[in-house]
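See below for the structure under consideration.
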Amino acid sequence: MSQLIQKYNIPGPRYTSYPTVPYWDQDTFSGDAWKSTLKKSFDESNEKEGISLYIHLPYCESLCTFCGCHKRITKRHDVEEPYIDTVLKEWKLYCDLLGSKPIVKEMHLGGGTPTFFSPENLQRLINGIFKLALKAPDHEFSFEGHPNNTTKEHLQALYDVGFRRVSYGVQDYNEKVQKAIHRLQPFENVKYVTEAAREIGYTSVSHDLIFGLPHQTLEHVEESILKTKSLRPDRLAFYSYAHVPWLKGNGQRGFKDEDLPSAKAKRKQYEEGKKLLTKVGYEEIGMDHFALKSDSLHQSMVSGKLHRNFMGYTASKTQVMIGLGASSISDSWYSFAQNVKSLEEYRHLVDNDVIPIYRGHILTGEDMIIRKHILNLMCRFKTSWGTDETYFPEISMVKDRLFEMEQDGLVAFGIDELRVTTEGQPFIRNICMAFDVLLHRKEPETRLFSMTI
């Protein structure tokens with residue numbers, strides 16, 4: 022396995038969308054086209070399956086140097102209310118456009134640090150959303166909590182407005198690693214907020230772990246997994262640290278490249294970490310994710326309902342996903358749109374009754390077909406192309422692109438179908454790249470993506 026990881030560990034997309042953001046076509050995109058496709062998709066799907074809602078809450082009190090997300094560092098909490106007011110104004114712009122009440126099936130609060138906001142302000146935000154919308158009977162609402170500042174009051178306030186899932190960013194428990202990534206949080210803090218969520222009634226608690234961090238060793242990864250096992254979260258994400266210091270706005274210049282584990286050591290962290298997670302009772306879900314058999318993510322994988330979008334893996338699909346807040350990305354199924362990243366510009370546009378998008382992509386017929394294949398691979402580890410709805414001209418080149426992976430036992434071809442073997446699942450990003458015709462037609466001249474493993 023180590024030799025295969027070394028062979029196939031190349032830069033590649035994470036495929037939360039297809040086409041990936043660097044290949045969005047700005048020439049065919051416009052705000053009017055985005056609104057038109059969104060309205061069409063909403064009318065087709067709202068009554069049948071509801072919508073998903075992502076709300077970006079960008080503030081953090083300190084900068085974590087592993088983070089590549091859009092955020093604003095401040096200790097001033099007087100920014101909370103104006104930002105929430107702007108998000109609710111943006112939501113009203115969307116509701117006016119859609120014309121009838123959205124039925125919200127999935128909602129996620131991401132950041133930044135959502136628990137930077139007070140419990141009262143978070144509750145005001147959610148209550149404001151549902152002045153203009155309805156909750157689906159089987160809704161699943163989740164938020165990202167920082168173990169150092171998530172309080173019982175946060176958990177109770179969000180529970181009271183329908184949240185039943187919380188995700189805590191753990192990363193690693195070793196103090197030297199935590200100092201390097203500027204994220205000092207003792208195990209006791211994680212234990213406290215995990216147990217507090219369960220006492221209140223949350224049905225799913227998730228922890229995020231990262232391998233490949235500065236100064237991190239295999240022993241650190243194993244120790245973090247064993248400590249995590251003692252708390253028995255329902256879900257786990259086991260991410261590869263994405264070293265992308267060339268991207269503007271992240272803090273990854275806070276340590277030296279030589280502080281990072283070697284490629285060989287990082288591969289070992291991944292291999293042994295994954296084995297240990299399986300040994301302590303977690304089932305692998307798609308890419309980077311693990312869950313207990315009792316969790317809805319595992320159940321959706323077994324039933325074939327697992328879905329992937331800009332929020333990552335979700336237990337069910339909605340055709341519409343609206344992103345609110347600075348830098349958020351929306352998906353109408355027929356198009357993508359991203360909000361402006363500057364908080365000042367975001368507020369200015371919304372205050373002037375403008376939906377604050379600045380770029381996007383209208384999917385072509387070919388895009389739609391290829392996205393279907395990539396979703397099949399990412400969620401079910403197989404796909405087929407025996408019908409007109411699943412065929413595209415360059416499908417004939419996929420087998421050639423995957424020839425070596427087939428020889429290495431990572432994929433198996435049938436008649437008009439492809440199956441990813443168990444050994445091939447860690448290489449799912451590489452396999453999806455074989456279908457990515459835009460990537461092959463125009464390979465990037467500069468580094469765009471993190472390494473696949």
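The sequence shown lines up with residues 22 to 474 when you count with this note's numbering.
C-beta: ideal position from N, C-alpha, C; glycine also.
Residue 249: first and last residue of the uninterrupted beta strand (DSSP E) it sits in: Not the beta strand (DSSP E): residue 249 falls in the alpha helix (DSSP H), residues 239 to 252.
Cβ-Cβ distance between residue 341 and residue 73 below 8 Å: yes
Distance between beta carbons of residue 205 and residue 230, contact taken as under 8 Å: Actually they do not touch by this definition, with Cβ atoms about 16 Å apart.
Inter-residue spacing [alpha-carbon to alpha-carbon] between residue 310 and residue 227: 10 Å
Terminal residues of the beta strand (DSSP E) in which residue 183 lies: Premise fails: residue 183 is in no beta strand (DSSP E) and is neither H nor E.
As assigned by DSSP and simplified to three states, the class of residue 372: helix
Residue 224 burial status per 10 Å Cβ neighbour count (16 or more: buried): exposed
With 16 other Cβ atoms within 10 Å as the buried cut-off, status of residue 131: buried
Reference residue 405; option with closest CA among 437, 422, 305: 437
Three-state secondary structure assigned by DSSP to residue 85: coil
Cβ neighbours of residue 97 in the same chain (closer than 8 Å, five flanking residues each side left out): none
Test item: CB-CB of residue 208 and residue 194 under 8 Å: yes
Three-way DSSP call (helix, strand, coil) for residue 298 in this model: helix
Residue from 67, 68, 100, 86 with nearest C-alpha to residue 80: 100
Exposed unless 16 or more other CB atoms sit within 10 angstroms - verdict on residue 381: buried
Whole-angstrom distance between residue 113 and residue 148, CA atom to CA atom: 13 Å
Distance between residue 45 and residue 260 (C-alpha atoms, nearest Å): 25 Å
Residue 304 (DSSP reduced to helix, strand or coil): strand
Outcome for residue 424 when other beta-carbon atoms lying within 10 angstroms are tallied against a minimum of 16: exposed
Top-ranked residue by Cα proximity to residue 299, from 278, 337, 243: 243
Start-end ranges of the alpha helix (DSSP H) lying completely within the stretch 125 to 182, minimum 4 residues: 140 to 150, 173 to 181
Reduced DSSP category for residue 332 - H, G, I as helix; E, B as strand; rest coil: coil
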